[in-house]
Each structure stands twice: as structure tokens, then as C-alpha cells.
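Novice: One structure, pasted below without further comment.
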Amino acid sequence: MTAHRPPLGRDGDEELLARLRDVLAEVDPVPDHLVGGAKALLGLRRVDEELARLVRDSAEERGRLLAVRGEGDVRLISFETGPVTVELQVTEQGPTRDLVAQVAGTGVARAEVETSGGRQRVPVKDSLFTLDGVAAGLLRLRLLTDSGRELVTSWVRV
Amino acid sequence: MTDTFSATASLLARAAQGDQRAWDTLVDQHTTLLYAVARSFRLDAADAGDVVQTTWLRLVEHLDRIQDPSRLVGWLVTTARREALRVLRRSGRERPAIDDSALDRADDAEPVDAALLTDERNRALWAAYRQLPEKCRQLLRIAVWEPKAYDEISVALGMPVGSIGPTRRRCLTRLRALLDGTVVADEQDGELR
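Going down the list, the sequences are from chains L and D.
When we follow this note's numbering, the leftmost residue of the first sequence carries the number 159, and every step to the right adds one.
When we follow this note's numbering, the leftmost residue of the second sequence carries the number 72, and every step to the right adds one.
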């Protein structure tokens, strides 16, 4: 009995943490598919595309906490690369999302909405495009500018 | 530390060039911690999985932009925390009063199935852990994977770094108290209730 007691002080802490780690790993393991899924993500990397980075997301802002949530909630997400900005407005409609995107700083020759289900080309007028009924989940926008640059936004979960 | 730095820098550089094995190593090294961070926000397994996936996606996007490889873990934890808060806010589960701390959420997403634990001492430890205050469970859930990474734990929990050590000590003391005679019968600690 005495032999099983961890020593007091820091060593005891580390020992206790190590045992708790084993318990947590057993009771609440990382789901199997998660590691494999994360490894597969490297395949999404394309060095020939320019990334418009996520710079603002209203879902992160404090004021939103006070808003009454419900059908038709609107979320604003901004992406940027150099002088080009993309403003994406996402409206929740139950399990689907309605998208409105406005591009500034460049003309847009072609726009696509990419989800885990594939890509969908969307007509663009005056650097503005819309797409309704997109399934909730990960998505990003792919743009071909008037000058022939390929832009892709960060993935966002909507 | 220098070894860790150069190893991480090399893994990032190789992964940025499409080296799958380097990327796999990074994922193997850190997914468990990221999952623990997400779960510490009381997200269920599915939402926590989404947070981990989004975090790795962000790293894919930023592979050649990580300026200080020695801070990769901090960067990952920061990203996971931000994604977790986003999920909480979107689902309306975060109450304004607790803001970013998310420390006192009343609902309980801890798995209850201790039947998996065959070792009697582990069952007792799990039972004791589940009786800890929320803040302690959050902190320990992360600390078990990175016991000395006070900076990263501080980032994950949104707590001042100076409070991590003392809180960790207090939580472990409390855990021992809950374990009572089963682990240490003779612990002397004035803070025990």
C-alpha cells in the first residue's frame, strides 16, 4: 500500500497527471477518423493559388452574444489579399445557408463556391454573386480575377 | 528546446513542400492536444472534431507563414480556441455573462462511461476528476498532454499565465482530496475542504 503512494510535491503532481492522461485517453479518446482526416488535408494545399485570408468574422464578435438568435441570422466574413477584399454574407436558413459575396479591388471573371461536396460555378455581376441553399459545413470561394489571378479564400465553417 | 525548434521548423518546411510524412508527424504530435482543447470548451465529440479539422485546415493554409516554429503549439491552440468559441457562439450556447472564459458552463459533456476502465484505481481517479469544478477539469484536460506548457494552457483557457501554475496545483490538491484515502491518505493540505 505504502509503496503505491506517489511522493508529495511536484513529482507527485506529474505522476497524477500522467495517470489522469491515461484515464482521459481511455474514456474520451480522439475519434479514429479525426487523425486520418487531418492527414488528408495536406492534399488541399495548392501553392499556385493566392490565399485571401480570413480577416474578420462577425461570429467572433462580442456584440453578437447579445443578439437574439434565430432563423435568418446574418454573419459577415471578410477575406483579404493585398488590395483585394471579399465580403461574404451568410444567412442561416435552418440546415442551409444563403450566400452573398462582394469582391472589391479587382474585377471577377469567374467565381466558384467550393464545399466538401465539390465546386459550383456562380454567375457574377458587378463583382457580386449569390448562392442560396448551400449545405452547412466548410466552404471557400474561388475567384479568377480579370487579370487572370487565381484567388482562393480561407475555408470557413458556415 | 533548440532541437524541438529545429525539428518543428523542418517539419513545417517539408510539409509546406508537400511532404506527407512530415505533415503526418505534425498531425500525430498535436491532434490529441487540440482535441482536448476543443473538448475543454464543452463541445461534444462531433463539434470538437470540427474544431480540430478547421484548425488543421488553417495550418495547411498558413504552412509557409508560421514565423516562429517554436510557437507552433501556441498558434494551433490559439486557432483551436478561436474556432471553439465560434462554434459556441454560433450555436448560441455561450452566455454573455461568462464571455470568453467559458469556465462555468453548467451542462455536462463529460463522457460518463467509466465501464471502460478496468483498473480500479483509474475508475476512482475518473470519479474524482468528474467531481472537480469545471475550471479544474478544463485545465487538467489540457495539462495532462502538455504539463509544462503554461503559455499554451493560458492561451487555451484565456487565463493569465501567472495563474496557471497555482491553479494547476490547487486542482491537483483538490483531486487528491477527492481521491481521499485511495491515493494518498496522509496528504497535508490546509486548503482541502
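Note that CB positions come from ideal geometry on N, CA and C, so glycine has one too.
Predicted model, so just to flag it, every value in this text is computed and none were measured.
In terms of residue numbering, what span does the beta strand (DSSP E) encompassing L:V213 cover?
Specialist: 208-215
Novice: In three-state terms, what does DSSP make of D:K206?
Specialist: helix
Novice: Just checking, does the segment 282-302 of chain L make contact with the segment 185-198 of chain L on the three C-beta pairs under 8 Å criterion?
Specialist: The answer is no - the segment 185-198 of chain L does not touch the segment 282-302 of chain L, with fewer than three Cβ pairs under 8 Å.
Novice: Whose Cβ in chain D lies nearer than 7 Å to the Cβ of L:L199?
Specialist: For L:L199, the chain D residues whose C-beta falls within less than 7 Å of its own C-beta are W127, L128, V131, listed in chain order.
Novice: Counting contacts by CB-CB distance shorter than 8 Å, is L:L223 in contact with chain D?
Specialist: Any answer about L:L223 is weak, because its pLDDT of 47 lies below 50 and its placement is not dependable; what the coordinates show is given next. Output row for L:L223: interface = yes.
Novice: What residues from chain L crowd round D:Q312, counting only those whose CB sits closer than 7 Å?
Specialist: The structure shown has nothing for residue 312 of chain D, since chain D only spans 72 to 264.
Novice: Mind checking the segment 288-309 of chain L against chain D and listing, in chain order, the residues whose C-beta falls within less than 7 Å of any C-beta there?
Specialist: Considering only beta carbons, no part of the segment 288-309 of chain L lies closer than 7 Å to chain D.
Novice: Based on the DSSP secondary-structure assignment, which residues constitute the bridge partners of L:I235?
Specialist: L:D215, L:L246
Novice: Could you list which residues in chain D have their beta carbon closer than 9 Å to that of L:L257, in chain order?
Specialist: Correct list: empty, because the minimum Cβ distance to chain D is about 16 Å.
Novice: What's the call for L:V213, buried or exposed, on a 16-neighbour Cβ count within 10 Å?
Specialist: exposed
Novice: Measuring only between beta-carbons, confirm whether D:A109 sits less than 8 Å from chain L.
Specialist: no
Novice: In whole angstroms, what separates the C-alpha of D:A86 from that of D:P218?
Specialist: 27 Å
Novice: I'd like to check one pair, D:V131 with L:L200: are the Cβ atoms closer than 8 Å?
Specialist: yes
Novice: Could you list which residues in chain D have their beta carbon closer than 8 Å to that of L:D215, in chain order?
Specialist: R157
Novice: Take the Cβ of D:G120 as the centre, count every other Cβ of all protein chains shown within 10 Å, and call the residue buried at 16 or more, exposed below.
Specialist: buried
Novice: Report buried or exposed for L:A267, applying the criterion of at least 16 other Cβ atoms within 10 angstroms of its Cβ.
Specialist: By the neighbour-count rule (16 or more Cβ atoms within 10 Å), L:A267 is not buried but exposed.
Novice: If you draw a straight line from the C-alpha of L:D215 to the C-alpha of D:L228, how long is it?
Specialist: 21 Å
Novice: If D:I213 and D:S81 are in contact, beta carbons under 8 Å, what's the gap, nearest whole angstrom?
Specialist: Incorrect: roughly 26 Å between the Cβ atoms, too far for contact.
Novice: Thinking just about the alpha-carbon of each residue, which of D:V123, D:W94, D:V226 is nearest to the one in D:L105?
Specialist: The residue with the shortest Cα to Cα distance from D:L105 is D:V123.
Novice: For L:A267, report the span of its beta strand (DSSP E) as first-last.
Specialist: Counting along the chain, the beta strand (DSSP E) containing L:A267 begins and ends at 266-273.
Novice: Quick one, which of D:D99, D:E191, D:W146 has its alpha-carbon nearest D:I224's?
Specialist: D:W146
Novice: Kindly indicate which three-state DSSP category L:T303 falls into: helix, strand or coil?
Specialist: strand
Novice: DSSP on D:L114, reduced to helix/strand/coil?
Specialist: Residue state, collapsed to three classes: coil.
Novice: Could you pull the start and end residues of the beta strand (DSSP E) that L:A262 belongs to?
Specialist: 254-262
Novice: Just the chain L side, please: which residues come within less than 9 Å of D:V232 by C-beta, in chain order?
Specialist: Listed along chain L is no residue with a C-beta nearer than 9 Å to that of D:V232; the closest approach is about 18 Å.
Novice: What is the DSSP secondary structure of L:P165, reduced to helix, strand or coil?
Specialist: Because L:P165 carries a pLDDT of 39, less than 50, the predicted location of this residue cannot be relied on, and the following value inherits that uncertainty. In the structure shown, L:P165 falls within a coil segment according to DSSP collapsed to helix, strand and coil.
Novice: Between the segment 205-231 of chain D and chain L, which residues of the former have a C-beta closer than 8 Å to a C-beta of the latter?
Specialist: Those residues of the segment 205-231 of chain D that come within reach of chain L (Cβ to Cβ, closer than 8 Å) are L211, R212, A214, V215, W216, P218.
Novice: Strictly below 9 Å CB to CB, what residues from chain L border D:G120?
Specialist: At a beta-carbon threshold of 9 Å, the residues of chain L lying near D:G120 are V188, P189, H191, L192, G195, ordered along the chain.
Novice: Quick one, are the C-beta atoms of D:Q202 and D:L249 less than 8 Å apart?
Specialist: yes
Novice: Looking at the structure shown, is D:R153 part of a helix, part of a strand, or coil, going by DSSP?
Specialist: helix
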